[in-house]
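Residue numbers (full-length UniProt numbering): 1 to 191.
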Amino acid sequence: MMMIDYAILGLLSWKPLTGYDVKRVMQDSPFLYWSGNNNQIYKALMRLLENGFVTNEIQYQESAPNKKIYSITESGMSELLRWVMSEEPEVPEFKKTFLIQLSWAGCLETEKVEELLARYEKIMTQQLAMRREEKCREKNFPNRSKQEHFMWEMIYDNFVMMCEAELCWIQSFREGLEHLKRENKHEPQED
């Protein structure tokens with residue numbers, strides 16, 4: 001099975017959802033990183049249905065299109081729990097395009113590097129505000145137990161802390177640039 005299959009099983013262990021609901025939750029989540037495109041989600045739902053891990057029920061509606069609501073089965077729940085316990089935690093991937101840009105910015109004037117940092121800081125400040133807001137809203141938090149609620153709070157704290165760490169790093173970077181500027185003023189100029 002693919003990772004998206006397990007993510008969907010997890011969502012359905014929380015509550016029955018339509019394919020559209022699954023897509024919306026994934027799009028709103030900072031850690032369910034699939035694009036949430038319909039094709040990907042519906043293919044996964046079909047795989048899960050074929051494997052007997054989910055069922056679906058059509059909810060007829062008079063004034064709107066019918067809804068297909070998916071629910072996890074006992075075997076789906078068993079498979080989800082088996083996967084949760086069997087997988088070794090992965091080391092997170094850190095792919096930061098900004099660091100690649102920065103690694104070749106040494107030939108720029110200090111003011112240009114500071115401009116680059118300011119743009120990155122603006123993005124990270126916005127990300128921090130979004131992550132804090134998501135945590136406050138608890139929009140897609142399963143809340144079946146205090147432990148589960150605590151775990152979801154900690155997941156969102158992880159994203160908040162990553163943003164805070166980036167902002168702290170930007171500040172350290174700025175201080176280092178200032179130190180270099182002061183040093184360069186005191187060095188004798190070569191002729």
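The beta-carbon is built from N, C-alpha and C at its ideal position, and this holds for glycine as well. Small disclaimer: the values here were computed from a predicted structure and weren't measured.
Which stretch, first to last residue, makes up the alpha helix (DSSP H) that contains Val25?
19-28
Per the DSSP calculation, Thr55 is bridged to which residue(s)?
Ser71
For the alpha helix (DSSP H) holding Glu115, just list the boundary residues, first then last.
110-137
Ordered along the chain, which non-local residues of its own chain (more than five positions away) have a Cβ less than 7 angstroms from that of Tyr120?
Phe98, Ile170
Environment of Asp28 [buried if 16+ CB atoms lie within 10 Å]:
exposed
Where the alpha helix (DSSP H) through Leu102 begins and ends:
97-103
If we call anything under 8 angstroms between Cβ atoms a contact, is Lys23 one with Asn38?
yes
With a CB to CB cut of under 6 angstroms and the five nearest residues on each side skipped, what residues in its chain are close to Gly106?
none
C-alpha gap between Leu48 and Val25, whole angstroms
18 angstroms
Inspect the CB distances between the stretch 140-156 and the stretch 111-118 and report whether three or more fall short of 8 angstroms.
no
Are the CB atoms of residue 192 and Gly52 nearer to each other than 8 angstroms?
No information on residue 192 is available, as it lies outside the stretch 1 to 191 that the chain covers here.
Minimum C-alpha distance to Glu50 - residue among Leu167, Glu109, Val113, Asp5:
Asp5
If we ignore side chains and look at the alpha-carbon of each, how far apart do Asn56 and Leu102 end up?
50 angstroms
Arg47 (DSSP reduced to helix, strand or coil):
helix
Among Leu9, Lys95, Glu138, Tyr70, nearest to Arg82 - alpha-carbon criterion:
Leu9
For Ile58, collect the residues of the same chain with a Cβ closer than 6 angstroms to its Cβ; drop the 5 residues on either side in sequence, then sort them by chain order.
Asn66, Lys68
Could you compute how far the alpha carbon of Ala44 sits from the alpha carbon of Arg144?
25 angstroms
Where Phe31 sits in the DSSP three-state scheme:
coil
In angstroms, rounded to a whole number, what distance separates the CA positions of Ser172 and Lys181?
14 angstroms
Of the residues Tyr42, Glu62, Pro92, which one's Cα is nearest the Cα of Val54?
Tyr42
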